[in-house]
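Visitor: Supplied in C-alpha cells, the structure appears directly below.
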Amino acid sequence: MTNQPSPRLGAQPVPGGTRFAVHSTAERVELCLFDGEHERRIAMTRDGETWSTTVPGTDHLYGYRAHGDYDPARNLWFDPTKLLVDPYALELDRPFVQSPRLARYGEDTADIVPRARVVAPLTGSPLSPLFRRGQLVYELNLRSFTMRHPAIAPEQRSTLAALAHPAVIDHLRKLGVAAVELMPITAAIDERHLPPLGLRNAWGYNPVVPMALCPEPVPGGVAELVATVAALREAGIGVILDLVFNHMGESDVQGGTLSFRGLDPEVYARAPDGMLINDAGTGNTLDASRPSVRAMILDTLRHFARAGVDGFRFDLAPVLARGPGFDPNAPIFAEIAADPILVTRVMIAEPWDIGPGGYQLGHFPDHWLEWNDRYRDQVRRFWRGDGRPGDLATRVAGSADVFAGPASRSVNFVAAHDGFTLADMVAYAERHNHANGEDNRDGHADEISWNHGVEGPTDDPAIRAARNASVRAMLATLFLSRGTPMLTAGDEFGRSQRGNNNGYAQNNETTWLDWQNRDEALENFVAALSAFRRDTPIDWTDWLADAEWRTLSGDPMGPEDWDGDGFALHLPLGDESLILRFDRHHGVSAMRGVVIES
Numbered sequence: 038m039t040n041q042p043s044p045r046l047g048a049q050p051v052p053g054g055t056r057f058a059v060h061s062t063a064e065r066v067e068l069c070l071f072d073g074e075h076e077r078r079i080a081m082t083r084d085g086e087t088w089s090t091t092v093p094g095t096d097h098l099y100g101y102r103a104h105g106d107y108d109p110a111r112n113l114w115f116d117p118t119k120l121l122v123d124p125y126a127l128e129l130d131r132p133f134v135q136s137p138r139l140a141r142y143g144e145d146t147a148d149i150v151p152r153a154r155v156v157a158p159l160t161g162s163p164l165s166p167l168f169r170r171g172q173l174v175y176e177l178n179l180r181s182f183t184m185r186h187p188a189i190a191p192e193q194r195s196t197l198a199a200l201a202h203p204a205v206i207d208h209l210r211k212l213g214v215a216a217v218e219l220m221p222i223t224a225a226i227d228e229r230h231l232p233p234l235g236l237r238n239a240w241g242y243n244p245v246v247p248m249a250l251c252p253e254p255v256p257g258g259v260a261e262l263v264a265t266v267a268a269l270r271e272a273g274i275g276v277i278l279d280l281v282f283n284h285m286g287e288s289d290v291q292g293g294t295l296s297f298r299g300l301d302p303e304v305y306a307r308a309p310d311g312m313l314i315n316d317a318g319t320g321n322t323l324d325a326s327r328p329s330v331r332a333m334i335l336d337t338l339r340h341f342a343r344a345g346v347d348g349f350r351f352d353l354a355p356v357l358a359r360g361p362g363f364d365p366n367a368p369i370f371a372e373i374a375a376d377p378i379l380v381t382r383v384m385i386a387e388p389w390d391i392g393p394g395g396y397q398l399g400h401f402p403d404h405w406l407e408w409n410d411r412y413r414d415q416v417r418r419f420w421r422g423d424g425r426p427g428d429l430a431t432r433v434a435g436s437a438d439v440f441a442g443p444a445s446r447s448v449n450f451v452a453a454h455d456g457f458t459l460a461d462m463v464a465y466a467e468r469h470n471h472a473n474g475e476d477n478r479d480g481h482a483d484e485i486s487w488n489h490g491v492e493g494p495t496d497d498p499a500i501r502a503a504r505n506a507s508v509r510a511m512l513a514t515l516f517l518s519r520g521t522p523m524l525t526a527g528d529e530f531g532r533s534q535r536g537n538n539n540g541y542a543q544n545n546e547t548t549w550l551d552w553q554n555r556d557e558a559l560e561n562f563v564a565a566l567s568a569f570r571r572d573t574p575i576d577w578t579d580w581l582a583d584a585e586w587r588t589l590s591g592d593p594m595g596p597e598d599w600d601g602d603g604f605a606l607h608l609p610l611g612d613e614s615l616i617l618r619f620d621r622h623h624g625v626s627a628m629r630g631v632v633i634e635s
C-alpha cells in the first residue's frame with residue numbers, strides 16, 4: 038500500500054457514462070455489472086493501487102472481483118469467487134446476510150452479497166448546523182423508536198422517513214430536542230453467532246462499508262436521508278449520525294470476505310506477529326494511521342455533511358487516533374479541523390475502547406464533545422445512596438476536573454442505548470440477558486443500579502413511588518447540569534427492556550418502545566425540565582466561575598459538608614439567584630419563583 042491518499046474513488050456519473058474507481062492491492066480487479074442475475078465482468082486499468090474504468094450509462098448495479106494470492110497466513114485474501122462491495126458505495130440493493138459461504142475460499146457469493154447502486158455524489162456546501170453545545174441531544178434507534186408508534190403507518194415503521202411524521206416531530210419539539218442522534222443507519226451485518234440463535238443485530242454497530250445506507254431502514258437511499266434531514270431541520274431539529282470507524286463487519290480471520298479484506302486487507306491493523314489487532318472487541322480494527330483509511334473516513338463525513346447532518350458521534354473513538362497507541366495529536370484531528378466543511382460540524386467522541394490505554398475521556402480536541410461515563414456513574418451512585426455529594430457536584434459542574442476551558446465539553450447522560458434503561462436502572466439490581474443466548478454473560482455485569490427491594494415489576498405503591506422519585510431526581514440532575522444533556526429515546530416515558538442491559542440482539546418488543554402505555558406524567562416532567570433549561574437565561578455550558586456552593590440550609594460549604602446529604606448551588610440570574618437544591622432525601626428542585634417537582 039502506498040502512503041499517499043487515494044484519488045477520488047467510488048462510482049461517479051461522468052459525461053457519457055459512469056467512472057468506477059477502487060483502491061486495491063490485488064494483481065487484477067474486475068468490475069461486475071448486474072442485469073438481474075446476469076453478470077458482466079469488465080477488466081479494470083491499474084494506476085498504482087487505484088483501479089478504474091468507465092462504462093456507458095449510469096443505471097448500474099455493480100460490485101468487484103479481485104484476483105491474486107490467497108494465503109491468510111500472509112494476510113492475503115484474494116478470491117475472485119467473492120463478490121466485493123465497493124468501500125465507497127452509497128446505496129445497496131439488498132441488506133447483508135450472514136452465511137458460512139462468505140468465509141469459504143472458492144465459493145461464489147454473487148447471489149448473497151449486495152450489489153451497489155450508482156448514485157450521483159452530493160455536491161455543494163451544507164447549511165450551518167442547527168445544534169449548539171449545551172442543547173438537548175436525543176439518542177434514537179429507528180427500529181425501536183418507530184415499530185410500535187400508533188400514528189406511523191405499518192409500512193413506514195422502522196424507516197428513516199418515519200422521523201418526518203408530524204406526530205414524531207411534535208414529540209421531539211415537546212421535549213425540546215435540539216438534535217436527534219441516530220444510531221447507525223449504514224449497512225451492517227449480523228455477527229456470526231446470531232443467526233443460529235434466531236436473533237438479529239438491532240443496533241447496527243457492525244458495518245461492512247462506511248457510507249452505504251442500509252436498504253431496510255433507508256429504502257429510499259440518499260434521497261430519503263436528505264429529505265428526512267430537511268424535514269427535521271425545518272422543525273428546528275438537527276441530526277447527528279452515529280458512525281463506526283473502529284472496525285468493519287468482516288470480523289476476524291474466521292469472518293467473511295465482503296469488501297476490504299478482498300480488496301486491500303492492510304486496512305486492518307495488525308500486530309508485529311501478523312495477528313489482527315482487536316481494539317474494538319469485534320475481530321478487527323481499522324488502521325487510521327494509514328492515509329488512505331483517513332481519506333475514506335473524511336470522504337464519508339463530507340458525504341453525510343452534504344446530506345445536511347449537523348455532526349457525528351464516533352463509536353469507540355480512540356481507534357481513530359491509534360498508531361498503535363492513542364495519540365491526542367493524531368493526524369485525523371488536524372485533517373478534520375482543516376477541512377472547510379467538517380470544521381463546521383459537531384464532533385462527539387465515545388472516548389474509550391478495549392485496547393491498551395483505551396480510556397481517553399478528556400483527551401480529544403478542544404472543539405469535540407465527549408460522552409462522559411463518569412457523569413453517568415456518579416449521578417447514579419449519589420441517588421442510589423452510596424455516592425458523595427462532592428462527586429456529584431463535580432459532575433454537575435461540567436466535570437471541570439476532566440474538561441478544561443470555560444465551556445464544558447461533557448456530554449452528560451445517565452442512561453444510553455448500551456446498559457440498563459433509566460426505568461430498569463431502579464428496578465433491577467442484576468442484568469437479565471438470557472434471551473441473548475449467551476447464558477447471561479454478556480452486557481455490563483457491574484451496572485450501578487438498584488431495585489428498591491424487589492427485582493423487576495411490582496404493584497407495591499411504595500416501591501413504585503420510590504422508583505419514580507429516583508428516576509425524576511436523575512432526570513432533573515441531567516437537565517440542571519453544566520454541559521450538553523443527552524437523553525435516550527423512551528427514557529422520558531419509562532421505557533423498559535425487562536432487565537436486559539444489552540439489547541443489541543433484540544430486534545423485537547424487548548427494545549421496541551411501547552407508545553400506548555407510556556408514562557405521560559413522566560414525559561410531561563421531562564418536557565418541563567427541558568423548557569426550564571431552555572427558558573432560563575443561563576449559559577448551561579459556562580456558569581462555573583459564577584457558582585456558589587452552599588449547604589442545604591444555605592450556609593457556605595465546608596470540607597465536612599461534601600460528605601452529607603446534598604448541597605445547594607446558587608447561580609446569579611440578574612438581580613436574583615437561581616438556587617438548585619440536590620437533596621438525597623427530597624430530590625431536586627430549582628427555585629426562582631418556579632419549583633420543579635421531583
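According to this note's numbering, the residues represented by the sequence shown are 38 to 635, in order. By construction, the Cβ of each residue, glycine as well, lies at the ideal position given by its N, Cα and C atoms.
Mind reading off the beta-carbon distance from V174 to A216? Whole number of angstroms is fine, and I expect it under 8 Å.
Guide: Counting from 1 along the sequence shown, the entry for residue 174 is found at position 137. Counting from 1 along the sequence shown, the entry for residue 216 is found at position 179. Contact flag correct, Cβ pair sits at about 5 Å.
Visitor: With a threshold of 8 Å, are at least 3 pairs of Cβ atoms found where one atom belongs to the region 72-91 and the other to the region 127-140?
Guide: no
Visitor: Looking at C-alpha atoms only, which residue of D96, R210 and G318 is the closest neighbour of G273?
Guide: As a first step, residue 273 is located in the sequence shown; it is residue number 236 there, counting from the start. Comparing Cα positions, the closest option is R210.
Visitor: Just verifying my parser: in three-state terms, what is the DSSP assignment at V625?
Guide: Walking along the sequence shown from the start, residue 625 turns up at place 588. Three-state DSSP puts V625 in a strand.
Visitor: Once you ignore the five residues that flank Q41 on each side, which residues in its own chain have a CB closer than 6 Å to its CB?
Guide: In the sequence shown, the residue the question calls residue 41 occupies position 4. No answer about Q41 holds up, because its pLDDT of 43 lies below 50 and its placement is not dependable.
Visitor: Using a Cβ-Cβ cutoff of less than 6 Å, which residues in the same chain neighbour G639 once the five nearest sequence positions on both sides are dropped?
Guide: Nothing in the structure corresponds to residue 639, since the chain is present only between 38 and 635.
Visitor: State yes or no: is the C-beta of T573 within less than 8 Å of the C-beta of L512?
Guide: By 1-based counting over the sequence shown, the position of residue 573 is 536. By 1-based counting over the sequence shown, the position of residue 512 is 475. Contact flag unset, no.
Visitor: What does the Cβ neighbour count give for N554, buried or exposed, with the cut at 16 atoms within 10 Å?
Guide: Numbered from its first residue, the sequence shown carries residue 554 at position 517. Label assigned to N554: exposed.
Visitor: Tell me the DSSP bridge mates of F182?
Guide: Along the sequence shown, one-based indexing puts residue 182 at 145. F182 pairs with nothing; no bridge assigned.
Visitor: Run through DSSP, which three-state label would E192 get?
Guide: For the purposes of this step, residue 192 is taken as the residue at position 155 of the sequence shown. It is helical.
Visitor: Given a threshold of 16 other Cβ atoms within 10 Å of its Cβ, counted over all protein chains shown, does L429 qualify as buried or as exposed?
Guide: What you label residue 429 is simply residue 392 of the sequence shown in a count that begins at 1. Result: buried.
Visitor: With distances taken Cα to Cα, identify the nearest neighbour of Y21 among L515, R331, A332 and D600.
Guide: Not covered by the structure: residue 21. The range shown for the chain is 38 to 635.
Visitor: Going by DSSP in three states, R411 sits in which element: helix, strand or coil?
Guide: Stepping through the sequence shown from its first residue, residue 411 is reached at position 374. Of the three classes helix, strand and coil, the one that applies to R411 here is helix, per DSSP.
Visitor: DSSP three-state label for Y541, please.
Guide: Numbered from its first residue, the sequence shown carries residue 541 at position 504. Of the three classes helix, strand and coil, the one that applies to Y541 here is helix, per DSSP.
Visitor: Let's test the definition: count the other Cβ atoms within 10 Å of the Cβ of M333 and tell me whether it reaches 16, buried, or not, exposed.
Guide: As a working note, residue 333 is residue 296 in the sequence shown. With 16 or more other Cβ atoms from the protein chains shown falling within 10 Å of its own Cβ, M333 counts as buried.
Visitor: Going by beta-carbon coordinates alone, are V433 and L606 separated by less than 8 Å?
Guide: Numbered from its first residue, the sequence shown carries residue 433 at position 396. Numbered from its first residue, the sequence shown carries residue 606 at position 569. It is a contact, given that the beta carbons lie within the stated cut-off.
Visitor: Buried or exposed: which applies to H230, given that a residue is buried once 16 or more other Cβ atoms fall within 10 Å of its Cβ?
Guide: Walking along the sequence shown from the start, residue 230 turns up at place 193. So H230 ends up on the exposed side.
Visitor: Out of P596, N505 and G611, which one is the CA nearest neighbour of V625?
Guide: The sequence position of residue 625 within the sequence shown is 588, counting from 1. Minimum Cα distance to V625 is reached at N505.
Visitor: So, are the CB atoms of D390 and P355 less than 8 Å apart?
Guide: Numbered from its first residue, the sequence shown carries residue 390 at position 353. Numbered from its first residue, the sequence shown carries residue 355 at position 318. Result yes, Cβ atoms of D390 and P355 sit closer than 8 Å.
Visitor: In this structure, how does DSSP classify L398 when only helix, strand and coil are distinguished?
Guide: For the purposes of this step, residue 398 is taken as the residue at position 361 of the sequence shown. Residue state, collapsed to three classes: coil.
Visitor: With C-beta atoms as the reference, is G395 less than 8 Å away from A460?
Guide: Residue 395 sits at position 358 when you count from the first residue of the sequence shown. Residue 460 sits at position 423 when you count from the first residue of the sequence shown. Taking 8 Å as the Cβ cut-off, G395 and A460 do not qualify as a contacting pair.
Visitor: Let's test the definition: count the other Cβ atoms within 10 Å of the Cβ of V631 and tell me whether it reaches 16, buried, or not, exposed.
Guide: Taking the first residue of the sequence shown as position 1, residue 631 is located at position 594. In this predicted model, V631 has a pLDDT of only 44, less than 50, meaning its place in the structure is not dependable enough to derive any value.
Visitor: Starting from A565, trace the beta strand (DSSP E) both ways and give me its first and last residue.
Guide: The residue given as residue 565 occupies position 528 in the sequence shown. From DSSP, A565 is part of no beta strand (DSSP E) but of the alpha helix (DSSP H) over E557 to D572.
Visitor: Helix, strand or coil for D528, going by three-state DSSP, please let me know.
Guide: In the sequence shown, the residue the question calls residue 528 occupies position 491. It is helical.
Visitor: Can you tell me which of the three DSSP states L517 falls into?
Guide: Position 480 of the sequence shown holds residue 517. Here DSSP, grouped into helix, strand and coil, assigns L517 to coil.
Visitor: Within the same chain, show all residues whose beta-carbon is closer than 7 Å to that of P609, passing over the 5 residues directly before and after it, in chain order.
Guide: Here residue 609 corresponds to residue number 572 of the sequence shown, with the count starting at 1. Contacts found: D583.
Visitor: Identify whether I633 lies in helix, strand or coil by the three-state DSSP scheme.
Guide: Locating residue 633 in the sequence shown gives position 596, counting from the first residue. Low confidence applies here, because I633 scores a pLDDT of 49, under 50, leaving its location unreliable; read the following figure in that light. In the three-state DSSP reduction, I633 falls in the coil class, being neither helix nor strand.
Visitor: Report the three-state DSSP secondary structure of E218 (helix, strand or coil).
Guide: As a position in the sequence shown, residue 218 is number 181, starting the count at 1. E218 falls in the strand class under three-state DSSP.
Visitor: If Y99 and L121 are in contact, beta carbons under 8 Å, what's the gap, nearest whole angstrom?
Guide: Stepping through the sequence shown from its first residue, residue 99 is reached at position 62. Stepping through the sequence shown from its first residue, residue 121 is reached at position 84. Contact annotation, Y99 with L121: C-beta distance approximately 10 Å; criterion of less than 8 Å not satisfied.
Visitor: Suppose contacts are defined by Cβ-Cβ distances below 8 Å. Is A342 in contact with P163 by that definition?
Guide: Mapped onto the sequence shown, residue 342 falls at position 305. Mapped onto the sequence shown, residue 163 falls at position 126. Against a cut-off of 8 Å, the Cβ pair of P163 and A342 comes out as a contact.
Visitor: S165: buried (16+ other C-beta within 10 angstroms of its C-beta) or exposed?
Guide: Residue numbering aside, residue 165 sits at position 128 when the sequence shown is read from its first letter. S165 counts as exposed, since fewer than 16 other beta carbons sit within 10 angstroms of its beta carbon.
Visitor: Sort out for me which residues DSSP pairs A58 with in a bridge.
Guide: In the sequence shown, counting from the first residue as 1, residue 58 sits at position 21. G47 and S89.
Visitor: Applying the 10 Å Cβ sphere with the 16-neighbour rule, what's the burial state of R312?
Guide: Within the sequence shown, numbered from 1, the residue matching residue 312 stands at position 275. Per the sequence shown, the amino acid found at residue 312 is Met instead of Arg. Around the CB of M312, fewer than 16 other CB atoms lie within 10 Å, so the residue is classed as exposed.
Visitor: Put A375 into one of helix, strand or coil per three-state DSSP.
Guide: Here the question's residue 375 lines up with position 338 in the sequence shown. Three-state result, A375: helix.
Visitor: DSSP three-state call for P117: helix, strand or coil?
Guide: Translated into the one-based positions of the sequence shown, residue 117 becomes position 80. Note: P117 maps to coil in three-state DSSP.
Visitor: Reducing DSSP to helix, strand and coil, say where W389 ends up.
Guide: By one-based count along the sequence shown, residue 389 stands at place 352. When secondary structure is reduced to three states using DSSP, W389 falls in the strand class.
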